[in-house]
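Per full-length UniProt numbering, the sequence shown starts with residue 1, numbered consecutively.
Don't be surprised by glycine CBs; every beta carbon is placed ideally from N, CA and C.
Keep in mind it's a predicted model, so treat the numbers as computed, not measured.
Only one structure is covered here, and it is reproduced in the block below.
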Amino acid sequence: MAVAPAWMADKIIVLDEEDKEEESPQPSSSASKSSPDLQAKNVSPLKAQQPVPTHITQSPFATAKKTTQCLQAENQKLFTEFVEHCRPLTEDCPEVLTFLQTKHSKACPDFLSSVELRNTLGRCLTRAQANRSKTFVYINELCTVLKQHAIKKRQTLSKVDPGEADREEERKAKRASRKQIGYLENLLKVYNEEICRLQQAELSLTDMEAEDSLYIQEHKLKRKMMKIYEKLCELKGCSTLTGRAIEQRITYKSTRYPEINRRIERFINSPEVRQNPPDYQDILQQVLRANDRHNLCLTRKHINQIAQEAFRETGSRIQERRHLDLVYNFGSSLTDAYKPATDPALKDPSLLKKLRSNREVALTSLEEVIKKYAVKQDDTEEEERNKRLQKDRKDKEGRTSGKKVETEEMNGVSEEEEEEDEDDESSDPDIEEEIQFQLFELEFMVLFLWVHLFSVCLLISALFILLSDADIPLDMGVVSCNSPETTRANTPTQEVVSSSQSTPPPKKNKVNVATQCDPDEIIVLSDSE
């Protein structure tokens with residue numbers, strides 16, 4: 001690409017898009033007759049390539065150029081006037097003016113001596129004087145402008161074009177990093193081939209028990225591959241995440257407390273929990289800390305309930321994630337080329353026969369192992385049962401011997417005589433049968449006597465009822481106590497009834513003559529009357 005010389009820079013004309021749009025409909029004759037002012041406008045000097053300042057350095061309406069000191073003094077005067085005007089209107093909130101002065105002191109010095117600040121101060125002051133009710137609005141507007149032009153703590157450094165030496169060093173560093181990346185990638189390939197070779201080797205039980213077995217060598221190579229992979233990611237500037245299911249983040253929003261949800265979610269997604277799943281106490285501690293820190297005022301019962309629900313859900317989610325990771329990453333390089341439709345045993349009869357024989361050997365070996373430990377289990381159970389019986393027998397003998405000693409002390413009978421009596425009593429079943437038979441006869445006789453006595457009572461009661469229900473003739477006289485002799489002569493076989501001394505028993509044809517008659521009068525009752 002050709003570059004114009006420096007002496008032709010002033011003669012180069014650059015047309016803007018707007019100028020092109022304005023000049024496109026005009027004929028060529030009018031373009032040749034353009035004024036010198038338009039040509040001067042279209043000329044792009046080298047000064048136009050400089051960066052545009054963030055604020056207006058000179059007023060377009062100024063008739064004469066003012067110095068920086070004059071603008072700064074004028075801006076300071078306007079700012080002081082604005083503050084004095086707003087002070088009586090902000091007596092309720094004096095901290096507003098303090099905040100405004102702080103922003104003014106932190107503003108950039110170039111902006112404090114600019115025309116833009118003078119125009120902003122003049123506009124805010126004029127509007128504040130015209131509308132006193134919106135004083136806080138104009139204060140906020142001025143604070144926003146000052147904040148935009150504040151001094152930054154980290155100023156952007158101007159990028160300096162690197163020299164030849166710096167370029168050479170950067171080129172060497174890039175070349176070295178490319179060489180290192182290639183070396184590490186080649187090393188990864190070598191380690192992968194070695195791991196595949198170790199996986200194909202067959203191991204016996206003695207080989208697996210060795211300190212430097214093939215499994216341990218394979219594990220060491222895999223750890224080295226992980227370190228190489230992390231270094232490659234660092235050199236290439238990419239993330240170390242591989243997209244596995246175990247690296248996925250678990251979101252938890254089951255409780256109605258966002259503080260507890262965030263704490264549990266942060267805990268279950270930590271690197272430690274990915275390797276060691278949490279237990280109930282870990283989840284309970286997280287809930288307790290969230291309750292104490294955010295003052296949720298939860299009861300102990302409610303905390304335990306939340307912890308139990310969170311432990312169940314997080315445990316199931318973590319278990320599901322680990323299961324998916326195992327399903328997606330489980331396998332070996334030996335089975336990469338395997339397809340279920342192409343089983344080699346179906347094509348090779350000798351292989352099929354060998355697999356069947358191995359299956360029979362495996363089943364018989366498994367059955368032998370099961371029988372062996374089943375017999376051991378039965379033997380141990382029998383031994384425990386015998387020990388338990390012996391212990392119970394000893395305890396029983398101890399209790400019986402203690403009772404015997406107590407009975408000997410109380411009754412003064414020796415231990416040998418008591419044992420003989422017990423043996424005699426327990427060894428003679430005929431005596432016991434005879435005693436039981438005698439007791440049975442005695443009970444039968446007592447029962448017979450009771451039945452006989454009951455029948456006699458029934459007979460006596462029946463006779464009494466029959467005697468009481470017999471008819472008694474009512475031809476008897478009732479005489480007074482003054483003439484007992486005449487009464488006995490007239491009725492020698494009748495009973496003398498005195499109304500004042502006794503009353504007759506109840507009869508069917510009963511007549512109560514209590515004291516209704518004269519004591520001297522004789523009343524004669526008969527059935528005919």
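- Sequence-distant partners of R132 (beyond 5 residues in either direction) whose C-beta falls short of 8 Å from its own C-beta, in its chain, are L89.
- When F267, E368, E170, C143 are compared, the shortest CA-CA separation from H104 is found for C143.
- Excluding five sequence positions before and after I303, the CB atoms of its chain that fall closer than 7 Å to its own CB belong to V287, L288, N291, given in chain order.
- For H302, the enclosing alpha helix (DSSP H) covers residues 300-329.
- The segment 343-407 is shown to contain whole alpha helix (DSSP H) runs of 4 or more residues at 344-347, in chain order.
- Here DSSP, grouped into helix, strand and coil, assigns A210 to coil.
- Leaving aside the five residues that flank S239 on each side, the residues in its chain whose CB is nearer than 8 Å to its CB run, in chain order, C233.
- At a Cβ-Cβ threshold of 8 Å, L334 and Q199 count as neighbours.
- Boundaries of the alpha helix (DSSP H) harbouring Q69: 68-86, taken from the DSSP string.
- If you draw a straight line from the Cα of H149 to the Cα of C86, it is about 22 Å long.
- Every alpha helix (DSSP H) of 4 residues or more that sits fully in the segment 174-256 is shown, in chain order, as 205-208, 214-236.
- Rounded to the nearest whole angstrom, the C-alpha separation of L71 and R123 is 16 Å.
- Between R317 and I250, the CB-CB gap stays under 8 Å.
- Taking every protein chain shown into account, the CB of A128 has 16 or more other CB atoms within 10 angstroms, so this residue is buried.
- Between the segment 308-316 and the segment 270-288 there are three or more C-beta pairs closer than 8 Å, enough to call the two in contact.
- At the C-beta level, L125 and E81 come within 8 Å of one another.
- For E259, the uninterrupted alpha helix (DSSP H) segment begins and ends at 258-268.
- Taken through DSSP and simplified to helix, strand or coil, A462 comes out as helix.
- Within the model, the alpha-carbon separation for R223 versus R171 is close to 33 Å.
- One thing to note: Y252 has its Cβ within 8 Å of the Cβ of I268.
- According to DSSP, residue pairing for A107 in a beta bridge involves A150.
- About 7 Å separates the beta carbons of E259 and L296, which is inside the 8 Å limit, making them a contact pair.
- Of the other Cβ atoms in all chains shown, fewer than 16 fall within 10 Å of the Cβ of S461; this residue is therefore exposed.
- For Y138, the secondary structure class from DSSP, reduced to helix, strand or coil, is helix.
- S455 sits in a helix when the DSSP states are folded into three classes.
- E247 is the residue among D336, I264, E247 whose C-alpha sits nearest the C-alpha of P271.
- Counting along the chain, the unbroken alpha helix (DSSP H) around Y280 starts and ends at 280-294.
- By the neighbour-count criterion, in which 16 or more other beta carbons inside 10 Å mark a residue as buried, L100 falls on the buried side.
- Counting other Cβ atoms within 10 Å of its Cβ, Y373 stays below 16 and is therefore classed as exposed.
- The Cβ neighbour count for Y183, taken over all protein chains shown within 10 Å, is under 16; the residue is labelled exposed.
- Contact annotation, F136 with V96: C-beta distance approximately 7 Å; criterion of less than 8 Å satisfied.
- Boundaries of the alpha helix (DSSP H) harbouring L121: 115-130, taken from the DSSP string.
- Of the other Cβ atoms in all chains shown, fewer than 16 fall within 10 Å of the Cβ of F444; this residue is therefore exposed.
- The Cβ atoms of A245 and R321 sit closer than 8 Å to each other.
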